[in-house]
Each structure stands twice: as C-alpha cells, then as structure tokens.
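Read the structure below first, then the notes.
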Amino acid sequence: MDYGKHLNLHTIIMLRDVIRKWWQVELAFADRHGVVHEWQRGEVSPPPNAFCRAALTSKEGLRRCGQSVRVLNEKFKANKKVRRSLIHDCHLNFSIVGAPLYIANEYEGFLFVEGFARQPLDAREADVLKSKVRQFAPQHVALDGWSEQVPVLDGAELSKLSDLLECAANEIANHEAAEASRQEDGTPGSSRELSDRYRFEKIIGRSGPMMEVFRLMEKVANSDSTVLINGESGTGKELVARAIHLSGPRAQQPFVVQNCSAFNDNLLESALFGHTRGAFTGALRDKKGLFEVADSGTFFLDEVGDMSAALQVKLLRVLQEGTFLPVGGTQLKEVNVRVIAATHKDLSELVKRGEFREDLYYRINVIRVQLPPLRERRDDMPVLIDHFLRKHHREGQRARGLDAEALAILGAYAWPGNIRELENEIERLLVLGGDLETIPAELISSRIRDAVLPGGGPFISPRAHGKLHEAVEALEREMIQQGLMRTRYNKSRLARELGISRSNLILKISRYGLDKGLPEDEAEMGDA
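For the sequence shown, this note's numbering gives the first residue as 130, with consecutive numbering after it.
Right under this line is the structure:
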C-alpha cells in the first residue's frame, strides 16, 4: 500500500489541515503490521505536545510510541468486523484514536491521531508524566510548562475527530476502488486517465502556501466565475487550471489551451475566433476558432498579459456577452465558455501603464489564484525531488536518490524556473548518474552550482551523509539558525522569508532546540 500517494489526496490534505487547526494534533498512517513508515524514515511532523515531540525525536521514545501504535493495530486485527474508530492509551497515558482502513474488504492498516488527553492534567499527573519523559529526553531540557501545551479533547470533540478519521478512511477506500476500476476498464490515453492525472491530489505540495492554493481551488472549482492564475514561469499554472476544470461541472466538456504569446496578432485572432473562407490569403475554407471548440467547456488562456489591445477588446466581448465575430465574418457566434486566464506579469501594473485594458482586467480578475514560487515552498522540496526521481526512473537505472551534498545544494538554490526547472534537473541527473547508487553533487548543472557556490568553492554542508530527510532537516535547521541571527530573532520576518507560517516556524525552532538560551525579552523585542 502506497501511503505516500494518499497523503496527496485532496481530502486528506484538507483533513490534516482541519485536525491541526481544531485540535493541534497530527494525522498519521500505520500499515497492516502497525508500522508507521513516516516515523521509521524520520519524517515526524513535530506536534505541539512537547512530551510527544521529545518521545518521537528520541530512539527509545520512538520505540515505545511504535509499541503503543501496534497495540491498537492488534485490536483492529483481532476483530475485523470493527469498522469504527477505537481508542487506546499510549505509554505516556495520552490517547490514540484510529480508524481502520479496508481496501477491497482487506485490512490494510489504519489512520490515527495520538498525543492528546481526554481531560486537563492535574499536578500529580503532570509530575508522573515528567518522570516518564525524563527516561529518554535530554537531561538539560526543562520540562516546565509542557503540561499546559497538551491538547485536550473531551467526549464531544473526540467523537467529531473519530467521525473525520472514518470519513478519511472511506475516502481512501473509494479512491482505491476507483483506481482499480480504471485499470480494469480504462484504455491508455482515455479521458478518465487524463482526469485522474490532473485531479487536485496529483498536484504535489503539503506546504502552507500550497494549502492556501488548494483551499481556494476547492472553492472556485464548482463555480463558473472567471479565474486569473498568477505565478512565475514553471509554477504549474496550466496544471492548476486543468485541476479546476476537471473538478467542476464542466469536467466532461472540452478543456482548450492557448498561449497568447505563441503567435503574432493576426494568427492569434484567427486561432481564437476562427475565420471564414477568403478572409485572408490562404483561407481556403471556414475554420472554427478555439472559443467555438471550447463551447460548453473551459478555455485556458495562458500569458494573457501578452495579448494586444485589439484582441483584448474582442476577448472582453466574449466574457461580457458570450459572442464573437470570426475573422472576415459578418454574423456573431454565441458560446458558453468558462475562461481561466494566467500570466506571470503584474496586470495591475500593466493597467497603470496603459498596456492592458482596465475593464478587461476587472473582468478576468474575478477570482485570483496566486501560485507561490518554489523558493517560498521549500517544505515541498523533499517530496518533489522524490516524486521526480520516481517519475523519470527508467529500467536498468540503479540510482535511487541523491547524496547529501547534492540535496543541500538543490535546497539552497533559488529556482527561478520553479517546478519545471527542478523536474528538468532531476531528469538530467538520472540520465547522467543513473548507473550510480547515489547521484553525487558533481553532476548538478553548473548554473546551479555556480549560483550556490560563488567562485567554485566547496559547499559547506551541515550534513555530508545520511538519507534524504536527514540532509533536508540538517539544511532546514541551518537555514533557520542563520535566519534567526540575521533577523535578530524576528520570527514573523523570518517566517515570511522562508515562506512558512509563524506558528510552523516556532514549532521548528523548538524541534531543533534553537530556542535554548534566548532571553525572553530579546525574543519579545524580535517579534515587535
């Protein structure tokens, strides 16, 4: 069972976000043997509960947490008629609630949330808990105040959480059933496979900025409103547009794409609106325009900021009245098309300079989706690299990953070409280093190495060995530590620079122990 792909299901992404927001706890998966693969790989999302954080980041604590999870797994396996959530108390006397996952009536594991109390801790319970944590927490760590951070879920809240977990398990089961059905009935290149490829969950990203994009996409998908997608080159504007189309009521209708910078004015006008026979030299017959082809569906106009003033007028008429006139034609044609426009330019600035019509700007800017550049969503780098390694891996290639120095260099690069540039680089590395077990930093493109290593000097990596998550975590810790010093511990400013939320930054600072020795008054001044 590939739990990694389930993490990218849109429902699961939204569920994790809701659970974090409402109860300050983390969603996790355990397989049919009770193994939490994320924990084994060291990919532990630091929970607000500091006791759990101390346990999950120590070898002995992680072993005991794993034992607690396996106890709940044995309860599910002992009675396979149970399809509702069960609760179990862990080795720290916190609660674990899990919902079983059945695929084709076979038990595949469970979704769970752990690390919360069912009532506030009293002084005696807090002292007992501290004594337990002392067995594996570093001796210099002060435990004062930790008990106040423990999430508390009473009976009503626990019931709500259980319902959400069961809903998520059903969603995964339905997704797997649909996948199996497509494999049995679908043919390569079918519209159903295309739809599957571009659904929300196929957009890779779990960072805060991408969660905001997913939330907005969810809201706009079922409307007919015009959407403007802003983003730098390579951020995935067409991918987002396809996902919006295929998640809405027009999903079974055409999705037509035209890049407005690809043709000169005359060719673009003919492509968009069609032409009649004899309209110009070479027009030997009537030809439909793309707006007519997209009738009842969605038209994605990429780089709309490059459209000429004359074509902007014709586009405005289509948006306002649903009519257009083919080149050389005398009769208006009517269409019912949803327009999704995209640009890497700032259209408001173009309006100020008189290069883009103000009335058209307001007509296409009904709903605006801002796609973050890769440098503002560095939390997604590990999963993106892993995704592209698997996507471009070919039979006979040995490479399964990049060495720590290569990962550190990629993590430090600004990625002006964004996701497209990253994918191209990973594909190139697999071609050049596919016969190696681990791809070394020496094979990284010179433009990336020169940008990260000015003067060609060696890269001083915080970690020169280990696995992907270890290298990324070491780099992340180094970036946060240097950023704190650079901003004089202004966490709000540093969070903006790193492209993560302030609360997420605070969790990471605590996780890496970077808050040790920071005077309280300096911390307060830094955030002023």
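Each residue gets a CB set at the ideal place from its N, CA and C atoms; glycine is no exception.
Considering only their Cβ atoms, is the gap separating residue j from residue i smaller than 8 angstroms?
| i | j | result |
| --- | --- | --- |
| A528 | L565 | yes |
| D424 | V464 | yes |
| D244 | E550 | Note on identity: in this sequence residue 244 is Gly, with Asp being the wrong assignment. It is not a contact, given that the beta carbons lie outside the stated cut-off. |
| V467 | T405 | The question names Val, yet the displayed sequence has Arg at residue 467. No, these two residues do not count as a Cβ contact at 8 angstroms. |
| F485 | Q441 | yes |
| V512 | R335 | yes |
| S224 | R253 | no |
| S291 | V226 | yes |
| L627 | G612 | yes |
| A661 | A298 | Outside the displayed span of the chain (130 to 657) sits residue 661, for which this structure offers no information. |
| D353 | C389 | no |
| V447 | L419 | no |
| G163 | R199 | yes |
| N359 | R497 | yes |
Check each candidate in the options and name the one with the smallest Cα separation from residue i.
| i | options | result |
| --- | --- | --- |
| H135 | L444, V447 and I332 | I332 |
| A271 | S214, A183, L230 and S224 | A183 |
| F409 | G418, R263, F402 and N395 | N395 |
| S282 | I148, E254 and R446 | Sequence inspection shows Leu at residue 282; the Ser mentioned does not correspond to that position. Out of I148, E254 and R446, I148 has the C-alpha closest to the C-alpha of L282. |
| D146 | V198, V226 and N633 | N633 |
| E602 | K150, F384 and M510 | M510 |
| A400 | L643, L444, S260 and L489 | L444 |
| K620 | I638, R606, E607 and N553 | I638 |
Grouping DSSP H, G and I as helix and E and B as strand, with all else coil, what is residue i?
| i | result |
| --- | --- |
| D431 | strand |
| T316 | Residue placement at T316 is poorly supported in this model, since its pLDDT is 39, which falls under 50; the coordinates still yield a value, given next. Of the three classes helix, strand and coil, the one that applies to T316 here is coil, per DSSP. |
| I469 | strand |
| E203 | helix |
| H220 | coil |
| H522 | coil |
| R145 | helix |
| I496 | strand |
| P511 | helix |
| N359 | strand |
| R640 | helix |
| K348 | helix |
| V456 | strand |
Considering only residues of the same chain and omitting the five flanking positions on each side of residue i, which have a CB-CB separation below 8 angstroms?
| i | result |
| --- | --- |
| T567 | A528, R529, G530, L531 and D532 |
| P383 | V422, A423, D424, S425, G426 and T427 |
| A233 | E305, A306 and A309 |
| L250 | L258, S276 and V279 |
| A580 | Y542 and A543 |
Excluding the five sequence neighbours on either side, which residues of its own chain have a C-beta within less than 6 angstroms of the C-beta of residue i, listed in chain order?
| i | result |
| --- | --- |
| A470 | L357, L430, V433 and I493 |
| F265 | S187, E189 and G190 |
| A543 | R504 |
| C181 | G244 |
| E450 | none |
Give me, in chain order, the residues of the same chain whose beta-carbon lies closer than 7 angstroms to that of residue i; leave out the 5 immediate sequence neighbours on both sides.
| i | result |
| --- | --- |
| P338 | P501, E505, R506 and G628 |
| L240 | L156, F158, G227, A228, L230, L294, A297 and A298 |
| L144 | L156, L293 and A297 |
Examine the ligand ATP and report whether any of its heavy atoms sits within less than 7 angstroms of the Cβ of residue i.
| i | result |
| --- | --- |
| C181 | As presented, the structure is devoid of all ligands, the ligand ATP included, so that no description of it is given. |
Exercise. Is the number of C-beta pairs between the segment 515 to 527 and the segment 478 to 488 that are closer than 8 angstroms three or more?
Worked result: With a cut-off of 8 angstroms, the segment 478 to 488 and the segment 515 to 527 do not count as touching, because too few Cβ pairs lie within range.
For this session: Evaluate the contact criterion for the segment 150 to 166 versus the segment 214 to 225: three or more CB pairs, one atom per stretch, below 8 angstroms.
Result: As far as the Cβ criterion goes, the segment 150 to 166 does not touch the segment 214 to 225, which means the pair count is below three.
Exercise. Between the segment 273 to 291 and the segment 186 to 194, do at least 3 Cβ pairs fall closer than 8 angstroms?
Worked result: With the cut-off at 8 angstroms, the segment 273 to 291 and the segment 186 to 194 do not touch.
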